[in-house]
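Protein chains in written order, with our numbering: chain A, 1 to 546; chain B, 1 to 210; chain C, 1 to 105; chain D, 1 to 319. Take a look at the structure set out below.
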Amino acid sequence: MTSAVHRGTPASATEAIDLGYLGGKFSLWSWLGTHDHKRIAILYAIAITTFFFLGGVAAALIRIELATPQGDLVSAETYNKLFTAHGVIMVWLFLIPSIPSVLGNFLLPLMIGARDLAFPRLNLASWYVYVIGGAFTIWALIAGGVDTGWTFYTPFSTMFSNSNVVLALLGVLIVGFSSIMTGINFIVTTHTMRAPGLGWFRLPLFVWANYATSIILVLATPVLAMTLVLVGIERVFQVGLFDPALGGDPLLFQHLFWFYSHPAVYIMILPAMGVASEIIPCFARRRVFGYRFMAYAILGIGIIGFLVWGHHMFVSGQSVYAGMVFSLLSFMVAIPSAVKVFNWTATLYKGSITFSAPMLYALGFVGLFTIGGLTGLFLAALALDVHLSDTYFVVAHFHYIMVGGSVMAYFGALHFWWPKMTGRLYSEAWGRAAALIIFVGFNLTFFPQFLLGYEGMPRRYHSYPPEFQVLHLVSSCGAALLAVGYLLPLIYLGWSLFKGKPSGNNPWQATGLEWETSSPPPTHNFERPPVVTRPPYDYPEQGEPA
Amino acid sequence: MSTANASAIAERGEPEHAATFALWILLATELLLFGPLFLGYVYVRTHFPDAAAAASRHTDMLLGTVNTAILLTSSLCMAVAAERARAQRSTQWWLSATALLGLAFLVIKGIEYQHEFAEHLFPDRGFAPADAISLDRLHGMQLFFLLYFAMTALHALHLAVGCVFCLGLTVRGGRQHALAVELTGLYWHFVDVVWIFLYPLLYLLGRAGG
Amino acid sequence: MKQYRLLIIVWIALLLLLAATAASALLQLGAWNSVLNLGIAALKAGLVMLFFMRLRSSHVLIRLTAITAMATLAILFALSSTDYFARERYVAPYQRPQQIAPVLR
Amino acid sequence: MNSDFHWLPASASSSAARFDALALTTLIMTGLVALILFVLVTWFCIRYRAGSSAGRQHPPSGNRTVEVIWIVAPLLLFFAVFGWAAYDYASLYRPNPDATPIYLVAKQWMWKAEHPNGRREVGELHVAAGQPVRMVMTSQDVIHSFFVPAFRVKQDVLPGRYTSIYFTPSKVGVYHLFCAEFCGTEHATMSGRIVVMPPAEFGRWLQQGPSVPGMAARGFALFRRFGCSGCHSAGSTVHAPDLRGLIGRRVHLQDGRELTADATYVRDSILLPHKDVVAGYAPIMPSFAGQIGEEDLLAIIEYIKESAHDERSTPRHTR
């Protein structure tokens with residue numbers, strides 16, 4: 001299965017490479033009207049990168065403001081709009097579409113040996129819907145702003161906020177439809193377009209992860225859509241289900257919101273797990289340990305993920321009994337996550353490990369995700385959550401999962417499949433340096449926030465009592481380092497596009513159908529439809545020590 | 001639309017058309033789109049039982065029942081059309097009948113809305129039913145009518161889209177599109193199923209007094 | 001012709017059930033009104049799905065899709081009800097004004 | 001930088017001690033798991049780095065027993081933590097008949113408390129060490145959250161509904177009170193002080209409150225300010241019912257119904273005057289919905305209630 005073209009094949013940077021799907025006569029319409037899943041993935045990558053840096057600017061301003069206890073850089077109102085913008089952009093415009101829409105779009109057909117997704121036009125439409133919704137959201141967030149937090153809690157969002165709530169709701173709603181389209185496309189593709197011989201238990205775990213993610217997208221997003229519509233109606237018509245002054249119940253909103261937004265956490269982390277499951281076996285040169293358990297764990301997370309939303313509401317005034325049910329279920333969802341971490345660790349055993357940039361990102365992912373997951377147990381434990389919820393402990397916890405997990409994996413995936421997507425190699429030294437800077441910067445930013453939270457620093461505070469300043473300052477310094485870490489790849493990856501060495505078809509000597517074809521792949525993906533005869537991650541046994 | 005390789009799919013015993021499968025997933029999504037409205041309904045029914053019954057008595061049970069019968073009949077026409085399309089027979093008449101029944105439903109629904117607007121039952125600030133005897137009752141009735149309008153309007157929107165599909169198929173002529181008729185049919189029946197639940201939930205409360 | 005006859009039988013059954021549900025709503029049955037109405041609705045929906053939507057003879061994957069959607073909706077209802085049916089409702093601050101704290105503007 | 005800096009928050013309630021014990025246990029448990037994992041990853045990374053001489057024959061591709069062990073073992077551990085945490089959680093809400101109720105109203109962006117004897121305070125909450133307290137809380141506008149880090153206690157405060165939580169302060173001192181649920185522009189400044197006093201001192205403090213005008217008196221002022229007295233008084237030319245002693249009376253309505261006037265009835269009559277028109281009167285009263293705040297309504301209701309047995313407070317209402 002490996003078509004071994006060795007890394008570092010002597011070739012000068014100026015040597016022409018076969019541009020594959022990237023080639024052909026360039027016209028704007030050849031991109032904006034394309035039905036090619038690979039080009040659509042690139043379109044997604046461009047849009048998502050833009051949103052990522054917009055959200056990053058908001059984060060930077062927040063961290064600068066919090067360097068001192070007084071609210072002196074921006075006003076309280078601006079601060080509230082900043083953290084709302086940061087949350088809305090990062091959650092809906094970056095994290096949820098990031099890995100599925102960019103890498104899933106690019107790789108899913110390649111990994112299953114298909115020519116394209118099942119519905120190429122739907123795929124393009126979903127990009128347009130995403131960009132329109134995204135632009136709408138950004139407009140609402142910048143022109144006037146929204147100050148409700150990304151959670152839009154009622155009755156603040158419906159009756160008290162004097163900001164662009166309805167516009168922002170509409171933007172998020174539109175983006176949601178894009179998610180649904182992508183989800184339907186992925187599910188049908190995975191079911192109907194697999195190459196001959198590619199049974200379910202020969203699928204790469206990345207495909208499993210995207211499949212489970214798509215199911216969540218399709219089932220959870222419509223609930224959010226209707227909930228946002230109801231919030232909009234309540235705001236416009238002053239009648240509503242969520243305002244106690246009108247006979248409604250704010251907790252009903254919270255139930256509906258978290259019914260989507262907790263599974264949404266798994267929309268963000270499952271594809272990241274899929275990425276780690278591709279990179280680690282490749283650089284350990286061996287089969288992933290416990291493949292079937294890994295696949296079942298993905299499905300388990302997807303299913304149990306729907307049963308735990310109430311753990312966001314332990315102190316919200318929901319019944320004590322409901323708290324107990326949700327707490328127990330939340331502990332259960334930690335099990336498949338733990339299984340995955342244990343299996344990644346076991347995959348390293350008796351491997352032959354090299355530490356290229358993608359592997360550093362993947363190992364960073366495992367470490368940070370482990371910390372994020374274990375601190376999640378504190379929040380699942382009822383009595384502990386009473387003190388910790390709505391403090392910086394929660395902020396730190398979910399950033400360890402979202403940023404330490406998803407973003408780390410997204411960057412790892414970009415580095416791993418960059419040669420596949422562009423046919424070029426980036427500077428390995430810069431890649432490793434950036435991975436290390438991000439890892440250190442991340443921990444410096446967010447580990448102090450665990451301590452802040454335990455000491456009782458509430459989240460979403462524009463100013464704070466002076467005794468919290470030491471830790472906030474450490475966090476802000478870390479954020480500066482983290483920002484450098486995120487800017488670096490933009491530079492050296494961009495540079496490699498023009499000046500990078502040609503990578504050859506399979507620089508990592510990885511298995512998997514996506515590496516069977518040339519890099520970058522031709523528009524039709526495979527010269528001959530592949531037939532699969534071997535299990536996934538079929539790396540040759542390392543045998544006797546050299 | 002579909003580029004799925006039909007023979008490869010049949011080999012593995014997957015559904016005959018990727019598009020059919022995709023449509024079913026879309027219907028799953030649609031069901032969950034109605035989910036928050038149904039949960040809101042449960043909230044109103046459990047927290048304001050009397051107000052919900054009082055509000056429901058304001059709806060027009062006769063027109064609602066007639067509309068239900070119309071929609072069920074339209075579903076029969078649609079099912080017959082799909083069956084005929086599978087047998088490669090012409091479907092124009094049946095699809096037109098389906099669309100016409102759908103339009104009739106929408107017209108009747110419009111008449112109901114008109115009456116309800118006239119009675120100030122639209123749940124905005126002007127909401128003022130005569131029998132809202134307390135603030136609690138007023139709130140309950142208002143929430144019921146919020147859900148009534150949200151649910152029936154969303155349903156009517158779906159039905160209107162279905163009518164457009166049906167008429168489009170009629171215009172395009174009868175034969176070589178069994179798949180298109182099949183998909184439109186599935187969608188139409190789903191819209192029917194939603195109404196089958198909306199009818200008792202919205203129209204049949206408190207009809208026996210009390 | 002056989003399949004058309006089946007469709008018409010199903011349609012007649014649907015109309016009869018409609019008549020039954022409308023009639024039962026006019027009888028005073030207390031909580032059973034709702035149970036009966038929803039039961040009949042479920043029956044009607046089942047008929048439409050099994051025969052008109054041909055779930056009866058559909059591929060297992062499609063049946064699984066339908067079941068998954070309904071199960072997800074059931075989860076939403078079931079787990080929300082752990083809250084709603086166990087929640088202490090301690091409303092109505094208005095009736096106990098002496099307990100509401102002061103009034104400083 | 002700042003001398004107030006400390007690693008751990010003060011522990012000043014009975015639940016705080018239990019919380020810290022549970023947190024420490026969980027920390028040790030999760031810390032051990034993390035440590036083992038990191039040691040293993042590091043060790044594997046060094047030992048099995050490419051080119052090392054470590055033996056690599058027959059790398060296992062999976063092991064069912066191992067998988068079952070690392071599914072079941074954490075699960076049992078989790079159940080234990082769950083049980084402990086759930087027990088402590090329930091005890092925060094378990095009714096305690098010895099607890100003193102303190103009423104707390106949150107509004108954008110301040111806390112207002114009322115002790116059972118009527119002593120009121122704003123932005124501060126005084127409690128006695130060793131005396132169990134039951135916070136009974138409601139909000140006037142959006143959702144707030146009552147959060148005292150030193151007590152390890154937090155409970156959202158919702159509009160239209162009371163929520164409550166129990167705790168027993170254990171250590172004398174002054175602690176932070178935060179709002180933990182985002183509630184609008186000045187959310188970060190919605191803080192206060194929790195003052196835990198020795199019981200005797202607290203008893204003295206409780207008695208020496210500043211005198212606040214009674215609710216009924218304020219209600220009377222509002223009764224005049226909103227023009228209610230213009231119609232509902234004896235000298236009025238407008239035909240409107242007398243409201244003295246209304247609360248608790250049977251009222252006959254225009255449409256033949258009959259009900260007992262209670263606070264809700266008065267409230268509804270002010271906001272929706274046309275709903276329950278009293279027999280013999282024309283429906284001429286305008287609605288005050290949107291003009292009178294909830295607190296003012298309460299004061300007016302209180303005044304009407306008081307007017308039943310205190311003739312002196314209603315001098316202008318004698319027919």
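From the three backbone atoms N, C-alpha and C, an ideal C-beta is built for every residue, glycine too.
Original post:
Is the shortest distance between the beta-carbon of D:Thr185 and the beta-carbons of chain A less than 8 Å?
Top reply: Locating residue 185 of chain D in the fourth sequence gives position 185, where the first residue counts as 1. Chain A, which has a Cβ nearer than 8 Å to the Cβ of D:Thr185, makes this yes.
Original post:
According to the Cβ coordinates, are A:Pro521 and A:Tyr21 closer than 8 Å?
Top reply: Locating residue 521 of chain A in the first sequence gives position 521, where the first residue counts as 1. Locating residue 21 of chain A in the first sequence gives position 21, where the first residue counts as 1. Yes; because the gap between Cβ atoms is below 8 Å, this pair is in contact.
Original post:
Hey, is C:Leu27's beta-carbon within less than 8 Å of any beta-carbon in chain B?
Top reply: The count along the third sequence starts at 1 and reaches residue 27 of chain C at position 27. Interface residue, yes.
Original post:
Does any CB atom of chain B fall closer than 8 Å to the CB of A:Phe160?
Top reply: Walking along the first sequence from the start, residue 160 of chain A turns up at place 160. Not closer than 8 Å to any Cβ of chain B, the Cβ of A:Phe160 fails to qualify, so no.
Subject >> Start-to-end residues for the beta strand (DSSP E) that takes in D:Trp111 >> reply: On the fourth sequence, residue 111 of chain D is found 111 positions in, with the first residue counted as 1. Note, D:Trp111: beta strand (DSSP E), 110-114.
**OP:** Check the Cβ-Cβ distances between A:Arg202 and every residue of chain D, and say whether any is below 8 Å.
**Re:** For the purposes of this step, residue 202 of chain A is taken as the residue at position 202 of the first sequence. For A:Arg202, the answer is no, since every Cβ of chain D falls outside 8 Å of its Cβ.
**OP:** Could you pull out every residue in the same chain whose Cβ sits closer than 8 Å to the Cβ of D:Ser211, ignoring the five residues on either side in sequence?
**Re:** Position 211 of the fourth sequence holds residue 211 of chain D. Legend: pLDDT at D:Ser211 = 49, less than 50; position of this residue unreliable, no value from coordinates given.
Original post:
So which of D:Tyr162, D:Gln155, D:Glu201, D:Met190 has the shortest CA-CA distance to D:Gly173?
Top reply: Within the fourth sequence, the letter at position 173 stands for residue 173 of chain D. Considering only alpha carbons, the answer is D:Glu201.
**OP:** State the DSSP-derived secondary structure class of A:Ser178, mapped to helix, strand or coil.
**Re:** Counted from its first residue, the first sequence places residue 178 of chain A at position 178. Looking at A:Ser178 - three-state DSSP - the assignment turns out to be helix.
Original post:
For C:Met1, is the classification buried or exposed, using 16 other Cβ atoms within 10 angstroms of its Cβ as the cut-off for buried?
Top reply: If you number the third sequence from 1, residue 1 of chain C lands on position 1. Burial call: exposed.
**OP:** Show which residues of chain A have a CB atom less than 8 Å away from the CB atom of D:Thr163.
**Re:** One-based indexing of the fourth sequence puts residue 163 of chain D at position 163. What D:Thr163 touches in chain A: Gly317.
**OP:** Check whether the Cβ of C:Thr82 lies closer than 8 Å to any Cβ atom in chain A.
**Re:** As a first step, residue 82 of chain C is located in the third sequence; it is residue number 82 there, counting from the start. Answer yes: the Cβ-Cβ gap between C:Thr82 and chain A drops below 8 Å somewhere.
Original post:
Is there a Cβ from chain B that is less than 8 Å from the Cβ of A:Ile112?
Top reply: In the first sequence, residue 112 of chain A corresponds to position 112, counting from 1. Chain B, which has no Cβ nearer than 8 Å to the Cβ of A:Ile112, makes this no.
**OP:** Let me know the secondary structure DSSP gives A:Pro244 once reduced to three states.
**Re:** Sequence index remark: in the first sequence, residue 244 of chain A carries index 244 (1-based). Helix.
**OP:** Report the residues of the region 50-82 of chain C with a CB closer than 8 Å to any CB of chain A, ordered along the chain.
**Re:** Leu61, Thr68, Ala69, Thr72, Ile75, Leu76, Leu79, Ser80, Thr82
Original post:
DSSP three-state call for D:Glu124: helix, strand or coil?
Top reply: Sequence index remark: in the fourth sequence, residue 124 of chain D carries index 124 (1-based). In the structure shown, D:Glu124 sits in a strand (DSSP, three-state: E or B).
Original post:
Grouping DSSP H, G and I as helix and E and B as strand, with all else coil, what is D:Gly173?
Top reply: The sequence position of residue 173 of chain D within the fourth sequence is 173, counting from 1. The answer is strand: DSSP assigns D:Gly173 an E or B state.
Subject >> Neighbour list for B:Leu134 in chain D, Cβ cutoff strictly below 9 Å >> reply: Along the second sequence, read from residue 1 onward, the residue named residue 134 of chain B stands at position 134. According to the sequence displayed, residue 134 of chain B carries Ser and not Leu. Chain D residues near B:Ser134: Thr264, Tyr265, Asp268, Leu272, Lys275, Asp276.
Original post:
Within the 8 Å Cβ cut-off, does B:Leu138 reach chain D?
Top reply: As a first step, residue 138 of chain B must be located in the second sequence, where it is residue number 138. Yes, its Cβ sits closer than 8 Å to a Cβ of chain D.
Subject >> CB contact check: B:Ala18 to chain A, cutoff 8 Å >> reply: Translated into the one-based positions of the second sequence, residue 18 of chain B becomes position 18. By this cut-off, B:Ala18 is an interface position.
Original post:
Does the distance from the CB of A:Ile269 to the CB of A:Gly183 come in under 8 Å?
Top reply: By one-based count along the first sequence, residue 269 of chain A stands at place 269. By one-based count along the first sequence, residue 183 of chain A stands at place 183. No, Cβ-Cβ distance for A:Ile269 and A:Gly183 is not below 8 Å.
Original post:
By Cβ distance below 7 Å, which residues in the same chain neighbour D:Ala17 in space, the five residues on each side in sequence not counted?
Top reply: Within the fourth sequence, residue 17 of chain D is the residue found at index 17, counting from 1. Around D:Ala17: Ser11.
Original post:
Any beta-carbon of chain B closer than 8 Å to the one on A:Arg534?
Top reply: Sequence index remark: in the first sequence, residue 534 of chain A carries index 534 (1-based). Taking Cβ atoms only, chain B never reaches closer than 8 Å to A:Arg534, which makes this a no.
Original post:
Residue range of the beta strand (DSSP E) that D:Thr100 falls in?
Top reply: Residue mapping note: residue 100 of chain D aligns to position 100 of the fourth sequence, counting from 1. 100-107 is the extent of the beta strand (DSSP E) around D:Thr100.
Subject >> Where the alpha helix (DSSP H) containing C:Thr68 begins and where it ends >> reply: Translated into the one-based positions of the third sequence, residue 68 of chain C becomes position 68. 60-84 is the span of the alpha helix (DSSP H), which, as asked, contains C:Thr68.
Subject >> Extent of the continuous alpha helix (DSSP H) run through B:Gln92 >> reply: Locating residue 92 of chain B in the second sequence gives position 92, where the first residue counts as 1. Counting along the chain, the alpha helix (DSSP H) containing B:Gln92 begins and ends at 92-118.
**OP:** Could you tell me which chain C residues have their CB closer than 8 Å to the CB of B:Glu83, listed as they occur along the chain?
**Re:** Position 83 of the second sequence, counted from the start, is the residue given in the question as residue 83 of chain B. Per Cβ cutoff of 8 Å: Gln3, Tyr4, Leu7.
Original post:
Under a CB-based cut-off of 8 Å, is B:Phe190 close to chain A?
Top reply: Here residue 190 of chain B refers to the residue found at position 190 of the second sequence. It does not; no Cβ of chain A falls within 8 Å.
**OP:** Answer yes if the region 214-229 of chain A comes into contact with the region 255-263 of chain A, meaning at least three C-beta pairs across the two stretches below 8 Å, and no otherwise.
**Re:** yes
Original post:
Do you know offhand how far C:Trp11's Cα is from B:Leu204's?
Top reply: Here residue 11 of chain C refers to the residue found at position 11 when the third sequence is read from its first residue. Here residue 204 of chain B refers to the residue found at position 204 when the second sequence is read from its first residue. Between C:Trp11 and B:Leu204, the C-alpha separation is close to 21 Å.
Original post:
Where does A:Ala546 fall in DSSP's three states?
Top reply: What you label residue 546 of chain A is simply residue 546 of the first sequence in a count that begins at 1. Low local confidence applies: a pLDDT of 42 at A:Ala546 is under 50, so the model's placement there is unreliable, and no value is given.
Original post:
When DSSP builds the beta bridges, which residues end up paired with D:Ile71?
Top reply: Along the fourth sequence, one-based indexing puts residue 71 of chain D at 71. DSSP, once it has assigned bridges, lists no residue as partnering D:Ile71.
Original post:
Could one say the Cβ of A:Gly247 lies closer than 8 Å to chain B's Cβ atoms, at least one of them?
Top reply: Within the first sequence, residue 247 of chain A is the residue found at index 247, counting from 1. By this cut-off, A:Gly247 is an interface position.
Original post:
Ordered along the chain, which non-local residues of its own chain (more than five positions away) have a Cβ less than 8 Å from that of A:His524?
Top reply: Mapped onto the first sequence, residue 524 of chain A falls at position 524. Taken in chain order, the residues that qualify are Arg115.
**OP:** Could you tell me whether any Cβ in chain A is nearer than 8 Å to the Cβ of C:Ala86?
**Re:** If you number the third sequence from 1, residue 86 of chain C lands on position 86. Cβ-Cβ to chain A under 8 Å: yes for C:Ala86.
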